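Asker:
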Ligand code: SF4
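Residue numbers (the numbering used here): 1 to 482.
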């Protein structure tokens, strides 16, 4: 018994197969084709959305957008790989009608339309909203670090520069001393070694000048670090140690784990990221009220208050108390809202004294600390025990009450936010950026998140249903326009 035989390469066929034969009814490219064709790219801000009257015809931005969407869905992100695939991949040949733009044209499209790409992501969100794929009641917010095009050795902080300069100074001192000794020896052998030492010295002095230049640049920028390849990326601590990265924030809807909105930031932690993403998700979901859950890494009473004012209910665990061994924790001081005072373990009342405008903190203390027998357990300082209450603490207290009444919401948080990031990093293999600069990185992120949502929507609804929904939406838009 032989093996299964393939078709003969020399076989001439009477009726050659059409490209359409390779694309079945449930193929995602059918949806990509129909969806991109009905997008008003000019309105979204794409360049060359209308053909030029004179000169060589350019590629239609619709074709290049289809190429990128197909690429990101299928883990092909580099412009060179996309060019190659457009020449040999039957689905792409169908989608682009056998067009094969060169890699430079492909790369320029992503770069030139970086501001328009987030809008494409949002247009798909709107379609999913019309198809009732979003629950629009509860979203989970989380952030993850994605590596930037910038190695760790091309990122500098003040401390790192200081350390390098110190090392160079010591090295220069040693070389100078060695040069003096070589001069004193005055032998042929020592002349050769002196030339080598001079060369090394010059190299070190050049490095010293470069580091001093960076030090000045850093001081003038007012930033805490400087990245040389991607100036906007920052050194951040992630699960795999410290890397120069961007912090991508997403809001995930609880119904089908579809992403409602996102933001690319260069914040090293999540402390100031909650309100902006929560508000943009609320806007994209077009709701009056929204519930949001996040981990305690986001705990910031000012952000919680901002959400409250925007009609967004935050659910978050209480942050772990910062405990100093042998000292009473803040939690055992009770706040009396009616009198705006704290009661301490000795039964004394700490009243409001000063407002710290810079840090938006209200400070409380009592003169009774001077003669208190518990003072050594209360403070390590000479003065009284001071309690600092953030101005927006009331909003945080209201949130804790809400969480205590409805602890179930917090249980959903982990399942909600880990699915998209897990899928994007592990299954779609998109854990690093190819572009430099926050705006371009944001454009790239839109394509990644659009690919995630698209795959998920197709899995939930199927291509045919999505196409039907698209048809209904176009009719609706036409009716509302007339
Ligand atoms: S040191 Fe001051 S705040 Fe602390 S227990 Fe004594 S009176 Fe109260």
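In this text, a Cβ means the ideal position worked out from N, Cα and C, and glycines have one as well.
Only a predicted model underlies this, so the values are computations on that prediction, with no experimental measurement involved.
Judging by CA-CA distance, which residue of 254, 215, 368 is the nearest neighbour of residue 343?
Answerer: For this step, residue 343 is matched to residue 343 along the chain shown. Checking every option, the nearest Cα to that of residue 343 belongs to 368.
Asker: Whole angstroms is fine: what's the gap from residue 18's alpha carbon to residue 436's?
Answerer: As a position in the chain shown, residue 18 is number 18, starting the count at 1. As a position in the chain shown, residue 436 is number 436, starting the count at 1. Rounded to whole angstroms, residue 18 to residue 436 spans 41 Å at the Cα level.
Asker: Check for me: the beta strand (DSSP E) holding residue 341 runs from which residue to which?
Answerer: Counting from one through the chain shown, the residue named residue 341 turns up at place 341. Unbroken beta strand (DSSP E) run through residue 341: 341-343.
Asker: Using a Cβ-Cβ cutoff of less than 8 Å, which residues in the same chain neighbour residue 220 once the five nearest sequence positions on both sides are dropped?
Answerer: Against the chain shown, residue 220 aligns to sequence position 220. Nothing meets the Cβ criterion.
Asker: Within 8 Å: the Cβ of residue 380 and any heavy atom of ligand 1?
Answerer: Residue 380 sits at position 380 when you count from the first residue of the chain shown. Checking every heavy atom of ligand 1 against the Cβ of residue 380, none is found closer than 8 Å.
Asker: Under 8 Å, with one C-beta from each stretch per pair, do the stretch 288-303 and the stretch 121-141 reach the 3-pair mark?
Answerer: Yes, since at least three Cβ pairs between the stretch 288-303 and the stretch 121-141 fall closer than 8 Å, the two stretches touch.
Asker: Helix, strand or coil: which one does DSSP assign to residue 523?
Answerer: Any answer about residue 523 is impossible in this case: the structure gives the chain only from 1 up to 482.
Asker: Beta carbon of residue 424, beta carbon of residue 449: below 9 Å?
Answerer: Mapped onto the chain shown, residue 424 falls at position 424. Mapped onto the chain shown, residue 449 falls at position 449. Result yes, Cβ atoms of residue 424 and residue 449 sit closer than 9 Å.
Asker: I'd like the span of the beta strand (DSSP E) that includes residue 7, first residue to last.
Answerer: The count along the chain shown starts at 1 and reaches residue 7 at position 7. Looking at the DSSP string, residue 7 is not in any beta strand (DSSP E), and its letter there is neither H nor E.
Asker: What are the partner residues of residue 334, as DSSP defines its beta bridges?
Answerer: The residue labelled residue 334 in the question sits at position 334 within the chain shown. Beta-bridge pairing links residue 334 to 343.
Asker: Three-state secondary structure (DSSP) at residue 271?
Answerer: Within the chain shown, numbered from 1, the residue matching residue 271 stands at position 271. Here residue 271 sits in coil by DSSP.
Asker: Between residue 22 and residue 92, how many whole angstroms is the CB-CB distance? I'm expecting something under 8 Å.
Answerer: Translated into positions along the chain shown, residue 22 becomes position 22. Translated into positions along the chain shown, residue 92 becomes position 92. Not confirmed; about 11 Å, so no contact.
Asker: Quick one: Cα of residue 179 to Cα of residue 194, how far?
Answerer: Here residue 179 is taken as the residue at index 179 of the chain shown, counted from 1. Here residue 194 is taken as the residue at index 194 of the chain shown, counted from 1. Each residue's alpha carbon lies about 6 Å from the other.
Asker: Secondary structure at residue 424, three-state DSSP: helix, strand or coil?
Answerer: Within the chain shown, residue 424 is the residue found at index 424, counting from 1. Here residue 424 sits in helix by DSSP.
Asker: Sort out for me which residues DSSP pairs residue 155 with in a bridge.
Answerer: Position 155 of the chain shown holds residue 155. Beta-bridge pairing links residue 155 to 227.
Asker: Would DSSP call residue 395 helix, strand or coil?
Answerer: Position 395 of the chain shown, counting from 1, holds the residue named residue 395. It is helical.
Asker: Whose C-beta lies closer than 8 Å to the C-beta of residue 105 among residues of the same chain, with five residues either side of it excluded?
Answerer: For this step, residue 105 is matched to residue 105 along the chain shown. Answer for residue 105: 59, 64, listed in chain order.
Asker: Count Cβ pairs between the stretch 426-445 and the stretch 153-161 that sit closer than 8 Å; are there 3 or more?
Answerer: Counting Cβ pairs under 8 Å, fewer than three are found: no touch.
Asker: Does the distance between the C-beta of residue 328 and the nearest non-hydrogen atom of ligand 1 fall short of 8 Å?
Answerer: By 1-based counting over the chain shown, the position of residue 328 is 328. Indeed, a heavy atom of ligand 1 lies less than 8 Å from the Cβ.
Asker: Taking buried to mean at least 16 other C-beta atoms within 10 Å of its own C-beta, is residue 316 buried or exposed?
Answerer: Numbered from its first residue, the chain shown carries residue 316 at position 316. Buried is the call here.
Asker: Within 8 Å, do at least three Cβ pairs link the stretch 305-321 to the stretch 267-287?
Answerer: Counting Cβ pairs under 8 Å, three or more are found: they touch.
Asker: Buried or exposed, going by whether 16 or more other CB atoms sit within 10 Å of the CB of residue 486?
Answerer: Within the shown structure, residues of the chain are numbered from 1 to 482, placing residue 486 beyond reach of any answer.
Asker: For residue 125, which of helix, strand or coil comes out of DSSP?
Answerer: Numbered from 1 along the chain shown, position 125 holds the residue referred to as residue 125. DSSP places residue 125 in helix when its eight states are reduced to three.
Asker: For residue 253 versus residue 260, is the C-beta distance shorter than 9 Å?
Answerer: One-based indexing of the chain shown puts residue 253 at position 253. One-based indexing of the chain shown puts residue 260 at position 260. Yes. Within cutoff.
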